[in-house]
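First the structure, in the form of C-alpha coordinates, and then the observations on it.
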(Lines of atoms letter the chains of each structure in order from A and count residues from 1; the text may use other names and numbers.)
(Lines give C-alpha, C1' and ligand atoms only; values in the text may rest on other atoms or scores of the structure.)
Protein backbone atom coordinates (compact mmCIF):
# COMPACT_ATOMS: atom_id res chain seq x y z
CA UNK A 1 0.00 0.00 0.00
CA UNK A 2 1.23 3.50 -0.76
CA UNK A 3 2.13 5.97 1.96
CA UNK A 4 -0.91 7.09 4.01
CA UNK A 5 0.24 10.70 4.06
CA UNK A 6 0.64 13.12 1.18
CA UNK A 7 3.74 15.09 2.21
CA UNK A 8 4.33 18.67 1.14
CA UNK A 9 7.28 20.90 1.92
CA UNK A 10 7.26 22.11 5.49
CA UNK A 11 4.63 19.65 6.72
CA UNK A 12 4.48 19.60 10.52
CA UNK A 13 5.74 16.46 12.20
CA UNK A 14 2.72 16.23 14.49
CA UNK A 15 0.61 13.32 13.24
CA UNK A 16 -2.64 14.90 14.38
CA UNK A 17 -2.09 17.78 11.95
CA UNK A 18 -1.86 15.56 8.89
CA UNK A 19 -4.62 15.60 6.32
CA UNK A 20 -4.80 12.04 5.06
CA UNK A 21 -5.73 11.14 1.52
CA UNK A 22 -4.64 10.29 -2.00
CA UNK A 23 -7.92 10.91 -3.79
CA UNK A 24 -7.55 13.63 -6.46
CA UNK A 25 -9.99 15.88 -4.59
CA UNK A 26 -7.87 15.70 -1.45
CA UNK A 27 -4.61 16.19 -3.34
CA UNK A 28 -6.01 19.33 -4.97
CA UNK A 29 -7.01 20.63 -1.55
CA UNK A 30 -3.54 19.95 -0.14
CA UNK A 31 -1.92 21.80 -3.04
CA UNK A 32 -4.31 24.72 -2.54
CA UNK A 33 -3.45 24.87 1.17
CA UNK A 34 0.24 25.04 0.41
CA UNK A 35 -0.24 27.85 -2.15
CA UNK A 36 -2.63 29.83 0.08
CA UNK A 37 -0.58 29.49 3.26
CA UNK A 38 2.01 32.15 2.43
CA UNK A 39 -0.53 34.74 1.33
CA UNK A 40 -1.94 37.41 3.64
CA UNK A 41 -5.50 37.41 2.30
CA UNK A 42 -8.38 36.01 4.39
CA UNK A 43 -9.37 32.41 3.63
CA UNK A 44 -12.87 30.93 3.52
CA UNK A 45 -13.08 27.20 4.29
CA UNK A 46 -16.35 25.50 3.34
CA UNK A 47 -17.43 21.93 4.00
CA UNK A 48 -19.74 19.67 5.98
CA UNK A 49 -19.37 19.02 9.66
CA UNK A 50 -16.62 16.61 10.59
CA UNK A 51 -14.86 16.82 7.22
CA UNK A 52 -11.72 18.49 8.57
CA UNK A 53 -12.17 22.26 8.29
CA UNK A 54 -10.30 22.84 11.56
CA UNK A 55 -7.43 20.71 10.29
CA UNK A 56 -7.24 22.78 7.11
CA UNK A 57 -7.06 25.97 9.20
CA UNK A 58 -4.29 24.46 11.32
CA UNK A 59 -2.27 23.46 8.27
CA UNK A 60 -2.70 26.90 6.69
CA UNK A 61 -1.21 28.39 9.84
CA UNK A 62 1.56 25.81 10.16
CA UNK A 63 2.74 26.40 6.59
CA UNK A 64 2.42 30.18 6.76
CA UNK A 65 5.68 30.77 8.57
CA UNK A 66 3.94 33.19 10.93
CA UNK A 67 5.57 33.65 14.31
CA UNK A 68 2.31 34.31 16.15
CA UNK A 69 -0.27 31.84 17.42
CA UNK A 70 -3.28 30.23 15.83
CA UNK A 71 -6.22 31.50 17.91
CA UNK A 72 -9.55 29.75 17.33
CA UNK A 73 -13.07 30.76 18.29
CA UNK A 74 -16.26 28.79 17.64
CA UNK A 75 -18.75 31.55 16.92
CA UNK A 76 -21.80 29.31 17.31
CA UNK A 77 -20.88 28.48 20.92
CA UNK A 78 -21.25 32.07 22.13
CA UNK A 79 -24.06 34.64 22.24
CA UNK A 80 -23.40 37.69 20.07
CA UNK A 81 -22.47 40.06 22.91
CA UNK A 82 -20.01 37.58 24.41
CA UNK A 83 -18.52 36.81 20.98
CA UNK A 84 -17.78 40.53 20.53
CA UNK A 85 -16.04 40.68 23.89
CA UNK A 86 -14.01 37.56 23.08
CA UNK A 87 -12.94 38.99 19.72
CA UNK A 88 -12.20 42.61 20.64
CA UNK A 89 -11.46 42.39 24.35
CA UNK A 90 -12.81 44.81 26.91
CA UNK A 91 -11.55 47.78 28.90
CA UNK A 92 -11.86 48.01 32.65
CA UNK A 93 -15.31 49.31 33.59
CA UNK A 94 -16.78 48.63 30.15
CA UNK A 95 -19.59 46.63 31.74
CA UNK A 96 -20.57 45.06 35.03
CA UNK A 97 -17.85 42.71 36.19
CA UNK A 98 -15.16 44.16 33.92
CA UNK A 99 -12.68 44.90 36.71
CA UNK A 100 -9.61 44.79 34.47
CA UNK A 101 -8.55 45.21 30.86
CA UNK A 102 -9.01 42.01 28.90
CA UNK A 103 -7.22 41.20 25.65
CA UNK A 104 -9.41 39.85 22.85
CA UNK A 105 -8.70 37.06 20.41
CA UNK A 106 -7.83 39.51 17.61
CA UNK A 107 -4.99 41.01 19.63
CA UNK A 108 -3.89 37.56 20.80
CA UNK A 109 -3.56 36.49 17.16
CA UNK A 110 -1.19 39.38 16.32
CA UNK A 111 1.54 38.06 14.07
CA UNK A 112 -0.42 34.84 13.64
CA UNK A 113 -3.84 33.57 12.58
CA UNK A 114 -7.39 34.11 13.83
CA UNK A 115 -9.68 31.20 12.97
CA UNK A 116 -13.45 31.70 13.29
CA UNK A 117 -15.25 28.36 13.14
CA UNK A 118 -19.00 28.21 12.41
CA UNK A 119 -18.71 31.73 11.00
CA UNK A 120 -22.16 31.41 9.44
CA UNK A 121 -23.38 32.53 12.89
CA UNK A 122 -21.56 35.87 12.81
CA UNK A 123 -24.06 38.68 13.32
CA UNK A 124 -24.25 41.57 10.87
CA UNK A 125 -22.82 43.85 13.56
CA UNK A 126 -19.77 41.66 14.13
CA UNK A 127 -19.26 41.35 10.37
CA UNK A 128 -19.17 45.15 10.10
CA UNK A 129 -16.67 45.47 12.95
CA UNK A 130 -14.45 42.72 11.54
CA UNK A 131 -14.50 44.46 8.17
CA UNK A 132 -13.27 47.64 9.81
CA UNK A 133 -10.40 45.79 11.50
CA UNK A 134 -9.42 44.09 8.24
CA UNK A 135 -9.48 47.38 6.32
CA UNK A 136 -7.78 49.61 8.89
CA UNK A 137 -5.55 47.15 10.72
CA UNK A 138 -6.53 48.55 14.11
CA UNK A 139 -8.62 47.14 16.95
CA UNK A 140 -10.25 48.84 19.94
CA UNK A 141 -11.42 47.11 23.09
CA UNK A 142 -15.07 47.38 24.09
CA UNK A 143 -15.29 50.49 26.26
CA UNK A 144 -11.74 51.49 25.30
CA UNK A 145 -10.57 54.84 23.99
CA UNK A 146 -7.39 53.89 22.14
CA UNK A 147 -6.71 51.84 19.04
CA UNK A 148 -4.01 49.23 18.71
CA UNK A 149 -2.33 48.32 15.45
CA UNK A 150 -2.60 44.58 14.81
CA UNK A 151 -1.52 42.40 11.91
CA UNK A 152 -3.09 38.95 11.62
CA UNK A 153 -4.46 36.49 9.06
CA UNK A 154 -8.20 35.76 9.19
CA UNK A 155 -9.60 32.31 8.39
CA UNK A 156 -13.34 31.62 8.58
CA UNK A 157 -15.21 28.37 8.05
CA UNK A 158 -18.84 27.58 7.29
CA UNK A 159 -20.95 24.50 6.72
CA UNK A 160 -23.52 26.13 4.39
CA UNK A 161 -22.07 27.54 1.17
CA UNK A 162 -21.24 31.18 1.86
CA UNK A 163 -23.14 32.38 -1.20
CA UNK A 164 -26.32 30.92 0.29
CA UNK A 165 -25.64 32.89 3.47
CA UNK A 166 -25.60 36.10 1.44
CA UNK A 167 -28.78 35.11 -0.42
CA UNK A 168 -30.50 34.35 2.88
CA UNK A 169 -29.46 37.71 4.34
CA UNK A 170 -27.28 36.12 7.04
CA UNK A 171 -24.03 37.49 5.63
CA UNK A 172 -23.39 40.99 4.35
CA UNK A 173 -22.27 41.00 0.72
CA UNK A 174 -19.26 43.19 1.51
CA UNK A 175 -18.13 40.77 4.22
CA UNK A 176 -18.50 37.84 1.82
CA UNK A 177 -16.41 39.55 -0.87
CA UNK A 178 -13.75 40.40 1.72
CA UNK A 179 -13.27 36.83 2.99
CA UNK A 180 -14.11 34.68 -0.05
CA UNK A 181 -11.25 35.68 -2.34
CA UNK A 182 -9.44 32.47 -1.39
CA UNK A 183 -11.98 29.70 -0.89
CA UNK A 184 -11.10 26.11 0.02
CA UNK A 185 -13.74 23.37 -0.20
CA UNK A 186 -13.25 20.41 2.12
CA UNK A 187 -14.85 17.27 0.62
CA UNK A 188 -17.24 15.01 2.47
CA UNK A 189 -15.79 11.58 3.25
CA UNK A 190 -18.26 10.01 0.81
CA UNK A 191 -16.53 11.99 -1.96
CA UNK A 192 -13.16 10.37 -1.23
CA UNK A 193 -14.20 7.03 0.26
CA UNK A 194 -11.22 5.38 -1.46
CA UNK A 195 -9.12 7.01 1.30
CA UNK A 196 -10.90 5.08 4.07
CA UNK A 197 -8.14 2.41 4.35
CA UNK A 198 -5.51 5.14 4.74
CA UNK A 199 -7.61 6.95 7.34
CA UNK A 200 -8.24 3.74 9.28
CA UNK A 201 -4.52 3.00 9.52
CA UNK A 202 -3.77 6.61 10.46
CA UNK A 203 -6.29 6.69 13.31
CA UNK A 204 -5.15 3.27 14.53
CA UNK A 205 -1.58 4.57 14.50
CA UNK A 206 -2.58 7.53 16.66
CA UNK A 207 -3.90 4.98 19.15
CA UNK A 208 -0.69 2.93 19.00
CA UNK A 209 -2.46 0.08 17.21
CA UNK A 210 -1.17 -1.93 14.23
CA UNK A 211 -2.63 -1.07 10.80
CA UNK A 212 -5.35 -3.05 9.09
CA UNK A 213 -3.54 -2.89 5.78
CA UNK A 214 -6.74 -2.85 3.71
CA UNK A 215 -6.28 -2.28 -0.01
CA UNK A 216 -9.90 -1.26 -0.65
CA UNK A 217 -12.56 0.26 1.59
CA UNK A 218 -15.08 -2.50 0.80
CA UNK A 219 -18.43 -2.28 2.55
CA UNK A 220 -17.36 0.81 4.52
CA UNK A 221 -17.41 2.83 1.30
CA UNK A 222 -21.16 2.22 0.97
CA UNK A 223 -21.92 3.91 4.27
CA UNK A 224 -23.06 7.57 3.89
CA UNK A 225 -20.74 8.92 6.64
CA UNK A 226 -22.93 11.85 7.61
CA UNK A 227 -20.35 12.70 10.30
CA UNK A 228 -17.53 12.40 7.76
CA UNK A 229 -13.93 11.82 8.89
CA UNK A 230 -14.80 12.70 12.49
CA UNK A 231 -17.39 9.90 12.53
CA UNK A 232 -14.84 7.43 11.14
CA UNK A 233 -12.33 8.41 13.80
CA UNK A 234 -14.86 7.92 16.59
CA UNK A 235 -15.74 4.51 15.12
CA UNK A 236 -12.05 3.51 15.12
CA UNK A 237 -11.67 4.62 18.74
CA UNK A 238 -14.74 2.61 19.74
CA UNK A 239 -13.54 -0.42 17.79
CA UNK A 240 -10.14 -0.25 19.52
CA UNK A 241 -11.83 -0.05 22.91
CA UNK A 242 -14.06 -3.06 22.20
CA UNK A 243 -11.17 -5.07 20.74
CA UNK A 244 -9.14 -4.69 23.92
CA UNK A 245 -5.74 -6.35 23.63
CA UNK A 246 -6.36 -8.03 20.29
CA UNK A 247 -5.88 -6.37 16.91
CA UNK A 248 -8.74 -4.32 15.53
CA UNK A 249 -10.53 -5.86 12.54
CA UNK A 250 -12.67 -4.39 9.78
CA UNK A 251 -15.66 -6.11 11.37
CA UNK A 252 -14.90 -4.29 14.64
CA UNK A 253 -15.05 -0.97 12.79
CA UNK A 254 -18.23 -1.91 10.95
CA UNK A 255 -19.95 -2.89 14.22
CA UNK A 256 -18.74 0.34 15.83
CA UNK A 257 -20.27 2.37 12.99
CA UNK A 258 -23.62 0.64 13.49
CA UNK A 259 -23.45 1.02 17.27
CA UNK A 260 -22.78 4.73 16.99
CA UNK A 261 -25.46 5.31 14.35
CA UNK A 262 -28.42 3.27 15.57
CA UNK A 263 -30.08 4.12 18.91
CA UNK A 264 -30.22 1.13 21.23
CA UNK A 265 -33.99 0.73 21.52
CA UNK A 266 -35.55 -2.59 22.40
CA UNK A 267 -38.27 -4.17 20.33
CA UNK A 268 -39.32 -4.53 16.71
CA UNK A 269 -38.07 -1.11 15.60
CA UNK A 270 -34.45 -1.95 16.50
CA UNK A 271 -34.66 -5.27 14.67
CA UNK A 272 -36.03 -3.54 11.57
CA UNK A 273 -33.19 -1.00 11.57
CA UNK A 274 -30.51 -3.66 11.98
CA UNK A 275 -31.98 -5.75 9.17
CA UNK A 276 -31.82 -2.94 6.61
CA UNK A 277 -28.76 -1.81 4.69
CA UNK A 278 -26.98 1.48 5.33
CA UNK A 279 -27.83 2.45 1.76
CA UNK A 280 -31.56 2.05 2.45
CA UNK A 281 -31.26 4.20 5.57
CA UNK A 282 -29.43 6.92 3.61
CA UNK A 283 -32.03 6.82 0.82
CA UNK A 284 -34.89 7.27 3.29
CA UNK A 285 -33.08 10.12 5.04
CA UNK A 286 -32.44 12.03 1.81
CA UNK A 287 -36.02 11.48 0.64
CA UNK A 288 -37.34 12.73 4.00
CA UNK A 289 -35.22 15.89 3.84
CA UNK A 290 -36.36 16.56 0.27
CA UNK A 291 -39.97 16.16 1.36
CA UNK A 292 -39.46 18.56 4.30
CA UNK A 293 -37.94 21.16 1.96
CA UNK A 294 -40.66 20.78 -0.65
CA UNK A 295 -38.20 19.28 -3.12
CA UNK A 296 -35.85 22.28 -2.92
CA UNK A 297 -32.52 20.61 -3.65
CA UNK A 298 -30.53 23.67 -2.62
CA UNK A 299 -32.09 23.75 0.84
CA UNK A 300 -31.80 19.95 1.12
CA UNK A 301 -28.11 20.12 0.21
CA UNK A 302 -27.49 22.61 3.02
CA UNK A 303 -29.24 20.38 5.58
CA UNK A 304 -27.46 17.23 4.35
CA UNK A 305 -24.04 18.87 4.22
CA UNK A 306 -23.69 18.05 0.51
CA UNK A 307 -23.36 20.05 -2.67
CA UNK A 308 -26.40 20.41 -4.89
CA UNK A 309 -24.79 18.22 -7.58
CA UNK A 310 -24.16 15.51 -4.96
CA UNK A 311 -27.84 15.56 -4.02
CA UNK A 312 -28.79 15.15 -7.70
CA UNK A 313 -26.36 12.24 -8.07
CA UNK A 314 -27.70 10.47 -5.00
CA UNK A 315 -31.28 10.97 -6.19
CA UNK A 316 -30.34 9.36 -9.49
CA UNK A 317 -28.27 6.55 -7.99
CA UNK A 318 -30.88 5.68 -5.34
CA UNK A 319 -33.94 5.99 -7.54
CA UNK A 320 -35.47 8.90 -5.63
CA UNK A 321 -38.33 10.15 -7.78
CA UNK A 322 -37.60 13.38 -9.68
CA UNK A 323 -41.17 14.46 -8.88
CA UNK A 324 -40.05 15.54 -5.40
CA UNK A 325 -37.68 18.12 -6.90
CA UNK A 326 -38.63 21.79 -7.18
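Residue numbers (the numbering used here): 126 to 451. From the three backbone atoms N, C-alpha and C, an ideal C-beta is built for every residue, glycine too. Small disclaimer: the values here were computed from a predicted structure and weren't measured.
For residue 227, the three-state secondary structure derived from DSSP is strand.
The alpha-carbon separation between residue 228 and residue 427 amounts to approximately 36 Å. Contact annotation: residue 320 and residue 147 have beta-carbon atoms nearer than 8 Å. The criterion of a C-beta distance shorter than 8 Å is not satisfied by residue 145 and residue 256. The shortest C-alpha to C-alpha distance from residue 236 to any of 187, 248, 246, 410 is the one to 187. If the five residues before and after residue 304 are omitted, its C-beta is found closer than 6 Å to the C-beta atoms of 167, 169, 281, all from its own chain and listed in chain order.
Between residue 333 and residue 298, the alpha-carbon positions lie close to 47 Å from each other.
In the structure shown, residue 421 adopts coil according to DSSP, grouped into three states. Residue 149 sits exposed, since fewer than 16 C-beta atoms from the chains shown fall within 10 Å of its C-beta.
For residue 240, the three-state secondary structure derived from DSSP is strand.
About 7 Å separates the CB atoms of residue 309 and residue 161; that is less than 8 Å, so the two are in contact. Separation of the CB atoms of residue 349 and residue 407 is rounded to 4 Å, and the pair is thereby assigned contact status at 8 Å. Bridge pairing for residue 197: 240 [DSSP].
Measuring C-alpha to C-alpha distances from residue 269 to each of 214, 366, 361 identifies 214 as the nearest.
Non-local beta-carbon contacts of residue 247 in its own chain, meaning distances under 6 Å to residues more than five positions away in sequence, involve 200 in chain order. In the assembly as shown, residue 250 is an exposed residue. Its beta-carbon has fewer than 16 other beta-carbons within 10 Å. When DSSP states are grouped into helix, strand and coil, residue 205 belongs to the helix group.
Of the residues assessed, residue 352 falls on the buried side of the cut-off, its CB having 16 or more other CB atoms within 10 angstroms.
Annotation for residue 342: 318, 319, 321, 322 place their beta carbon closer than 7 Å to its own, counting only its chain and skipping 5 residues before and after. Just so you know, the alpha carbons of residue 294 and residue 245 end up roughly 11 Å apart.
Residue 169 has 281, 308 as its beta-bridge partners, per DSSP. Distances from the alpha-carbon of residue 153 to those of 413, 312, 347, 190 put 312 closest. The residues 422, in chain order, have a CB closer than 8 Å to that of residue 437 in the same chain once the five nearest residues on each side in sequence are set aside. Under the three-state reduction of DSSP output, residue 215 falls in the strand class.
With fewer than 16 other Cβ atoms from the protein chains shown falling within 10 Å of its own Cβ, residue 372 counts as exposed.
With contacts defined by Cβ atoms closer than 8 Å, residue 196 and residue 234 form a contacting pair. Contact check for residue 337 against residue 359 fails: the beta carbons are separated by 8 Å or more.
The shortest CA-to-CA distance from residue 181 to any of 164, 194, 159, 193 is the one to 159. Rounded to whole angstroms, the Cβ separation of residue 356 and residue 172 is 14 Å, and the two are not in contact under 8 Å. Nearest C-alpha to residue 194 among 380, 240, 306, 420: 240. Residue 446 is classed as exposed because its beta carbon has fewer than 16 other beta carbons within 10 Å across all chains shown.
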